[in-house]
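Okay, structure first, notes after.
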Amino acid sequence: MKTAGDAITAEVVRAAFALAAEEAGIVVVRAAHSTFIAEGADACATVLDTRGRLVAQSAATTLMHGASLRATLPALLEDVPLDGMRPGDVYVTNDPYRGGIHANDLLVFRPVFAGRRSGGVGGRPGRRSEVDPNDAANRPTWFAGTLIHVADVGGVAAAGLAALATDVFAEGLLLPPVALVRQGEAVPEVWRILERNSRSPDRVLGDVRALVAGVNVMTARIEELVDGYGVDAVAAEVDGSIDYARTRMRDELRRLPRGRYHGSFAIEGDGVDPDRTYDVRVTVDVGDGDVSVDFDGTSPQARGSINSSTSQTLSAVVYAIRCFVDPTIPMNEGCFEPVRVRAPRGCLVNPDPPAACGGRIVTMCAAIEAIIAALAEARPDHAVAASSLIHVYALAGASDGGRPWLTLGYEFGGIGARNGADGPDATGPYVLGGRSVITQVEPLEASLPVLVREYRLRADSGGPGTFRGGLGVETTIEVLSDATLTSRGDRIALPPRGSHGGAHGEPGRSSVHRTAGEETLDARAAGVALRAGDRYVLRTSGGGGFGPPRRRDPAAVLADVLDGRCTPAHAEQVYGVVLDTTGVAVDEQATARLRTDAS
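In our numbering, each residue carries its 1-based index in the sequence shown increased by 1064.
This is the structure in structure tokens:
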């Protein structure tokens, strides 16, 4: 039994690892050169042990990479054994079929050599032991890992947005685990390869330096922790932290009724076969403190880029289950251990190489929706309507001096409503961190030949319900010089579905406005030529509603009208709420009659 002092030490060590990962995540985001990272925090930082167990993960960055670095470390250790690593080494990889995600997501690892550092007393610094870099007996104790979506690593489309790719080779440069830094010295050949294979070499090298800065910060924090407590004590507390998370995860799973539950979610085409739909199907078996997720029945892998690598699939599973039962459980190996996953080879969530994976977020989020729908059968009060996803676009061109420019941008739509609450407007899926995405207009216009003409919420786009889905957005971007557009949207033909009698959200769409008129774009469009003065308009979908719309509180409908989220006509036709002649109050008698007649 632990004493009070032991418990305090355990919490200090757990928090220290979590803060090390958090600080590294912040460093990576702030140091990155790509706007996509600086504004959207598409990054991750983790601490892993040499057994491949997740010790801690950053929380302020995106949550979609919960398993990515964890799944990639075995590939690194397969190619570079522990005995072959030295202090100051840093490695990089991005292979989606060896634990990675897609070409633009670079994963960087630095082995931490803390085994010969002696601890002090009560957390005070002890004696620092010098590490002989040539002593092969020195083995790493932990690994610091960082990940971000870098600016561009080649491929057929700028910024890695190969919307119509049919294999991974079209999506960009693929790197097996290779040394980026050896004993503190950069490996110039690898840096030159990255530079030569990018349309935006300055940005991509800046992004890689940010990744290295992140693992360096984490390494320093881990060494400081070991200096205070000693490697054996710290390692023991890591085991305790994982045991704690595992126990909490099992306890929460035991609160669910044991049984078998089913869920599914449809995806509207892959861009290559636009008329084909794909299904992600899950069977969830809840046992005594454990759970298994079986993807049998999921569609075969796609020709297009919506295939999900196994690390992304595992991230989706653990994210959905942990958030459903208790999102406050510390994110470490203990969250993975009670979860079993089966995904048939050659299906959408476990594709065979060289299937393209760049658009895998569509399938990952479909898996999350399907799992939550299945678990909601066990606990209906936790049901959530479907959400909008992400609409990504890339613009590329050349300045008057011939210097190439590019940007990767994105917009989010509405989140699905749940029992007791409306969905947030213009917010990223929670697996991306749930950030509100109000476009940072000034940096975009200052650095690129574009003008943002309009950015607004789409009135009436939230799925009607007793609780309304969040609203999507409409953004209009005018290009001031010739450019090429690639666009990838989702939940357009198949809008976010409602739940428990709630209606679907309004679907999204995108178009190009030219002098000759408006051209509607497919959900996935590539190589669209824009002339100076053309305007790209994208509209994201609204989230699904929860519960019958005509049971919505008339006061809530009125508030939406006054806020511009709902038009008076929509309020009357869909919600059965009539405004009086002033337009700022509910006509209670007319509303009662309309709702009575409708019933």
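Cβ atoms here follow ideal geometry from the backbone N, Cα and C, with glycine treated the same way. The structure presented is a predicted model; accordingly, all values stated were derived computationally and were not measured.
Asked: At 4 residues or longer, and completely inside the segment 1481 to 1565: list those alpha helix (DSSP H) runs for me, N to C.; Found: 1505 to 1511
Asked: For a test of the three-state rule: what should DSSP assign to residue 1187, helix, strand or coil?; Found: Residue confidence for residue 1187 is low, a pLDDT of 47 falling below 50, so the modelled location carries little weight; the figure read from the coordinates is stated next. Residue 1187 falls in the coil class under three-state DSSP.
Asked: Skipping 5 residues on each side, what residues in its chain have a beta carbon closer than 7 Å to that of residue 1281?; Found: 1087, 1088, 1091
Asked: Over the uninterrupted alpha helix (DSSP H) stretch that includes residue 1136, give me the two end residues.; Found: 1132 to 1143
Asked: Can you check which of these residues, 1356, 1551, 1337, 1242, is closest to residue 1144 by C-alpha distance?; Found: 1242
Asked: Comparing C-alpha positions only, which one of 1592, 1570, 1219 sits nearest to residue 1576?; Found: 1592
Asked: Would you call the CB atoms of residue 1447 and residue 1563 closer than 7 Å?; Found: yes
Asked: How many angstroms separate the CA atom of residue 1326 from the CA atom of residue 1082?; Found: 35 Å
Asked: Please look up how many angstroms separate the CB atoms of residue 1372 and residue 1424, rounded, as I've assumed it's under 8 Å.; Found: 4 Å
Asked: Which two residues bound the contiguous beta strand (DSSP E) that contains residue 1458?; Found: 1454 to 1462
Asked: Return helix, strand or coil for residue 1475, following the three-state DSSP convention.; Found: strand
Asked: Using the C-alpha atoms, what's the distance from residue 1645 back to residue 1449?; Found: 34 Å
Asked: With 16 as the cutoff for other CB atoms within 10 Å, does residue 1192 come out buried or exposed?; Found: Below a pLDDT of 50, predicted positions are generally treated as unreliable, and residue 1192, at 48, falls in that range; the measurement from the model is reported next regardless. When all chains shown are included, residue 1192 counts as exposed.
Asked: Restricting to Cα atoms, I'd like to know which of 1401, 1210, 1120 is closest to residue 1096.; Found: 1210
Asked: Using the C-alpha atoms, what's the distance from residue 1226 back to residue 1218?; Found: 10 Å
Asked: So, with DSSP's three-state summary, where would you put residue 1251?; Found: coil
Asked: Among residues of its own chain, excluding the 5 on either side of residue 1402, which ones have a beta-carbon nearer than 8 Å to its beta-carbon?; Found: 1310, 1313, 1314, 1317, 1353, 1354, 1355
Asked: Helix, strand or coil for residue 1117? Go by DSSP, reduced to three states.; Found: coil
Asked: Identify, in the order they occur along the chain, each residue of the same chain with its Cβ nearer than 8 Å to the Cβ of residue 1138, setting aside the five sequence neighbours on each side.; Found: 1116, 1163
Asked: Could you name the residues that DSSP lists as bridge partners for residue 1400?; Found: According to DSSP, residue 1400 bridges with nothing at all.
Asked: Which residues in the same chain as residue 1126 place their Cβ atom closer than 7 Å to its Cβ, once the five residues preceding and following it in sequence are excluded?; Found: 1105, 1106, 1107, 1108, 1496, 1497
Asked: Smallest Cα separation from residue 1369: which of 1394, 1400, 1417, 1407?; Found: 1417
Asked: Could you tell me which uninterrupted alpha helix (DSSP H) segments, each at least 4 residues in length, are contained entirely in the segment 1599 to 1649, listed from first to last along the chain?; Found: 1618 to 1627, 1632 to 1639
Asked: From residue 1070 to residue 1273, what does the alpha carbon distance come to, in whole angstroms?; Found: 39 Å
Asked: Using beta-carbon positions only, say whether residue 1605 and residue 1552 come within less than 7 Å of one another.; Found: no
Asked: Quick one: give me the first and last residue of the beta strand (DSSP E) that residue 1169 is part of.; Found: 1169 to 1176
Asked: Only counting runs of 3 or more residues, tell me where the beta strand (DSSP E) segments fall wholly within the segment 1210 to 1274, in order along the chain.; Found: 1242 to 1246
Asked: Skipping 5 residues on each side, what residues in its chain have a beta carbon closer than 7 Å to that of residue 1651?; Found: 1642, 1643, 1644
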